[in-house]
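The numbering of the sequence shown is the UniProt record's numbering, which starts it at 1 and goes up by one. The C-beta atom is built at its ideal place from N, Cα and C for all residues, glycine as well. Right, one structure below, let's go through it.
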Amino acid sequence: MMKAQLLLPVVVVLGAAVLSSLFIVDEREKALVLQFGQVKQVKESPGLGFKIPLIQEVVKYDGRILGLPTQPLEVTPLDDRRLVVDAFARWRITNLVEFREAVGVGGVDAAQTRLDRILNAAIREVLGSVPSNRVLSEDRTALMNQIRDRARAESGALGIEVIDVRLTRTDLPEQNLAATFARMRAEREREAADEIARGGEAAQRVRATADRTVVELTSEARRMAEVARGEADAERNSIYAEAFGRDPEFFAFTRSLTSYERALQSGSSSIVMQPDSEFFTYLRSDIAPADRPGAAPAVPASPTPAP
1 MMKAQLLLPV VVVLGAAVLS SLFIVDEREK ALVLQFGQVK QVKESPGLGF
51 KIPLIQEVVK YDGRILGLPT QPLEVTPLDD RRLVVDAFAR WRITNLVEFR
101 EAVGVGGVDA AQTRLDRILN AAIREVLGSV PSNRVLSEDR TALMNQIRDR
151 ARAESGALGI EVIDVRLTRT DLPEQNLAAT FARMRAERER EAADEIARGG
201 EAAQRVRATA DRTVVELTSE ARRMAEVARG EADAERNSIY AEAFGRDPEF
251 FAFTRSLTSY ERALQSGSSS IVMQPDSEFF TYLRSDIAPA DRPGAAPAVP
301 ASPTPAP
């Protein structure tokens, strides 16, 4: 009984010593075994680990990819157009020994503070070497890669790796927004005025071309009409001449009828003529002048109406 009472504390002490010598590393963690501040063991794989109780201690760090949002930072590109920029970085611990030596007991918080300063310096250096239009254009991806590479080179001594850097915002300072919007509005108004002027010039050219085409077509149509009228008059005169040569009496008769038709139309005009005028030859008798003895064919002229 006495031995059992004596062995029980020993077993408890030994059990406690064994339990305190064991530690578990999660798959999301990495661990260092320290002895009086010196690294004695590095355990990066998940599972069960051993340490010397009371002498050694275990320090665990997050082994996952971590995120770091930066505070808004004002940068001045080459064209002196200030921008407010903030970024987001992805990083992870790659070397536990270097990480412990670099940040000490501060751990992840101390590493993020130092990484934030490294990122701000890289952002200022990269964006300060290009004009602002490149920061706001498709070249932004290449600039983010340059910032990532510079931050990765600077942070290597901390035992960490910068995986990616993204610019989440690139805006103008509040005091510059009004001036920038006014300048953009003036540029757009100038472009609109240029477009309107070019459109007016093009419309004037089209209008002048149309006017010239109208004049040319009208002149050509008039010329063709005059030619057709002249040809028709010549053909008419030829027909008249041929008709007069074939039958002078019939020609005189038709011309007289035409004259009667034009002179005796209804209206307010009146004709003052002598009754024995040749104009009334075919109205006085049905015998043509050519049938009378010693008479020549008469071609009555169109009378001149008197008011």
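Own chain, CB closer than 7 Å to residue i, minus 5 neighbours either side, in chain order
i   : result
I24 : L48
D26 : P46
Residues near residue i in its chain [Cβ-Cβ closer than 6 Å; skip 5 each side]
i    : result
A296 : Any answer about A296 is weak, because its pLDDT of 45 lies below 50 and its placement is not dependable; what the coordinates show is given next. Same-chain partners within the cutoff: there are none.
D79  : P131 and S132
R134 : none
G107 : none
F251 : A243 and F244
Identity of the residue in the options nearest residue i by Cα
i    : options                   : result
R114 : A89, P131 and A192        : A89
L54  : P69, L22 and A31          : L22
A157 : D164, T180, F244 and F99  : F99
R28  : M144, D62, E195 and R222  : D62
N145 : V227, R166, R81 and S137  : R166
G67  : R188, S256, E226 and D164 : D164
R82  : V272, A221 and T180       : T180
C-beta contact flag for residue i and residue j at 7 Å
i    : j    : result
E154 : I118 : yes
Q56  : Q71  : no
V33  : K60  : no
V84  : P173 : yes
L127 : P77  : yes
T141 : D86  : no
Outcome for residue i when other beta-carbon atoms lying within 10 angstroms are tallied against a minimum of 16
i    : result
L217 : exposed
G215 : Before going on, a small fix: residue 215 reads as Val here, not Gly. Classification for V215: exposed.
A281 : Checking the displayed sequence, the identity of residue 281 turns out to be Thr instead of Ala. Answer is buried; the Cβ neighbour count reaches 16.
I123 : buried
Y240 : exposed
Q112 : buried
V206 : exposed
G230 : exposed
R148 : buried
Bridge-paired residues (DSSP) for residue i
i           : result
E231        : None; E231 has no bridge partner.
L48         : I24
Y260        : Bridge partners of Y260: none, in fact.
Q38         : Q35
residue 316 : Not covered by the structure: residue 316. The range shown for the chain is 1 to 307.
A89         : L68 and V165
T170        : V85
Y240        : Y240 pairs with nothing; no bridge assigned.
Residue i at chain C interface by Cβ criterion, 7 Å
i    : result
D247 : Any reference to chain C falls outside this structure, which holds one protein chain only.
Close-in-space but distant-in-sequence residues of the same chain around residue i (CB under 8 Å, 5 per side omitted)
i    : result
G159 : I93, T94, N95, L96, V97, E98, F99, R100, E101 and A102
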